[in-house]
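First comes the structure, then the notes that go with it.
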Amino acid sequence: MLPFASPKFTRWYPQFAEVFEAVLEDHCSTALQEFRDGSSTRCPDHRRYGSATFLKCSIQTVLDCLLENTSESVKTATAAASVLLGFLPTILGLVGSSTAESGLIALRRPVLTTLLALGAPAMSPIRTFEYRTPTELLSSRADSIEIPRMGAVPSAAITALQYLLAAAAAVNTAHVSWQLGNQAFCSLDVDSDFFPLVWSSVSVVVFALGSISTYIRVSLVSVAPTRSRCLGGFLRSEFTLSANRGDFKLHVKQERYMFILLSWLTSVLTVLYILFGTVVLSSIQFVGAEDALGTFGRYFASAVVCRSILMFEMSGMRSRAALMPQRVNVDHIGLISQVTRKERIPTYLY
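Positions 929 to 1278 (our numbering) are the ones given, in order, by the sequence shown.
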């Protein structure tokens, strides 16, 4: 018997679980037993060609039998589910945050930003070489909501709630991705169950690149006396709401080649990430339409929760930003020049 083979065909999504189990028992019991015993006569000998080749062939044999003996109505429902899941990455992109927004929050609260990236596999794509500067993101409008500073108790409660919701969203996303890999089959590679989980997790890499490009583009200057940047200072910064920080000044430096490269790479990877998610989720088989709606809802709920937390932090940053003349020192390729401009300046206090 091949190791790790037996868990296959034991978990199904509930809508058609009884249907698939009945078909396996009535029509595909021989192929299923050969798969579990590792002794299929219809597949290459795993002792000669390797267990991976045999495993893929034996799984596909059972799946072909299952499809041949499943009614057309069930096939139609599963096809509709594949279409719905295929649209999921694009729809999530409409409610997701941009890497520039996440990069600004990561300058102060990197742990929270990482949880938000894990909880919401949703990115708002940006056009190549188009980049909204931090001053544009932090500019207040006439109808902007300003979040006032809060007392110690409500601030601690909101902070704890943020991490609780972000962690819950991350766990929910990981669990629903694990379910897709273990209770269904991905036609990209029928013997692999990690594709949905890889798709939902790799968003952290793209958001990290966006955060690095933001860090390169932005220089922070403390208005108040600078506090310690040791572990205590990091924790104080991480667990302080943006609305409760002091006014901050944000200097936007001249574009450098590294920033242009990273921002371009981030925008390209965002598009590729959405494409990869579309390919993976649209290739999911044996999921009913009702189950696909439940999966869609869980991903969407996590994305909305994470987006709400990020926008709350962005509003807090806007509330602490001040419009004042700025004199920016630009050091580029060994040349130092001074550029005078008037723009929105945030001030970070550590």
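Using N, Cα and C, we set each Cβ at its ideal position, and we do this for glycine too.
| Asked | Found |
| --- | --- |
| Count the other C-beta atoms from every protein chain shown that fall within 10 angstroms of the C-beta of Asp-1296, then say buried if there are 16 or more, exposed otherwise. | No answer is possible for residue 1296: it lies beyond the span of the chain, which begins at 929 and ends at 1278. |
| In whole angstroms, give me the CA-to-CA distance for Pro-1049 and Ser-1236. | 14 Å |
| With a CB to CB cut of under 7 Å and the five nearest residues on each side skipped, what residues in its chain are close to Phe-937? | Leu-952, Leu-960 and Val-990 |
| Is the number of C-beta pairs between the segment 1082-1102 and the segment 1032-1052 that are closer than 8 Å three or more? | yes |
| Spell out the partners DSSP gives Phe-1113 in its beta bridges. | Gln-1213 |
| Identify the continuous alpha helix (DSSP H) that holds Gln-961 and give its terminal residues. | 957-965 |
| Considering only their Cβ atoms, is the gap separating Ser-1115 from Gln-1213 smaller than 8 Å? | yes |
| In chain order, what residues of the same chain lie with their CB nearer than 7 Å to the CB of Met-1186, ignoring the 5 residues before and after it? | Ile-1144 |
| Can you tell me which of the three DSSP states Met-908 falls into? | Lying outside 929 to 1278, the shown extent of the chain, residue 908 is not represented and no answer is given. |
| On the DSSP bridge list, what partners appear for Met-1051? | Ser-1025 |
| Go ahead and pull the three-state DSSP assignment for Ser-1030. | helix |
| Please state whether the Cβ-Cβ distance between Val-1215 and Ala-1084 is less than 8 Å. | no |
| Alpha helix (DSSP H) containing Ala-950: first to last residue? | 945-954 |
| Can you list, in chain order, the residues of its chain with a C-beta nearer than 7 Å to that of Pro-935? Leave out the 5 residues immediately preceding and following it. | none |
| Would you please state the rounded distance, in angstroms, between the beta carbons of Thr-1223 and Val-1118? I believe it to be under 8 Å. | Rounded, the Cβ-Cβ distance is 19 Å, inconsistent with contact. |
| Quick check on this structure: which residue in Thr-958, Lys-984, Tyr-1227 and Cys-956 has the alpha carbon closest to the alpha carbon of Leu-1108? | Tyr-1227 |
| Where does Asp-1121 fall in DSSP's three states? | coil |
| Between the beta-carbon of Phe-1135 and the beta-carbon of Ser-1030, is there less than 8 Å? | yes |
| Suppose contacts are defined by Cβ-Cβ distances below 8 Å. Is Ala-1005 in contact with Ala-1217 by that definition? | yes |
| So what's Met-1078 in DSSP terms, helix, strand or just coil? | coil |
| Expressed to the nearest angstrom, what Euclidean distance is found between the alpha-carbon atoms of Met-1252 and Arg-1037? | Residue placement at Met-1252 is flagged as unreliable, the pLDDT there being 40, under the threshold of 50; the coordinate-derived value follows with that caveat. Using only the alpha carbons, I get a separation of about 25 Å. |
| Looking at the secondary structure, which residues open and close the alpha helix (DSSP H) in which Leu-1163 lies? | 1159-1166 |
| If you run the structure through DSSP and keep just helix, strand and coil, what is Arg-1248? | helix |
| How would you call Cys-1158, buried or exposed, if buried means at least 16 neighbouring beta carbons within 10 angstroms? | exposed |
| Pick from Arg-1077, Val-1039 and Leu-1093: whose alpha carbon is nearest that of Gly-1174? | Arg-1077 |
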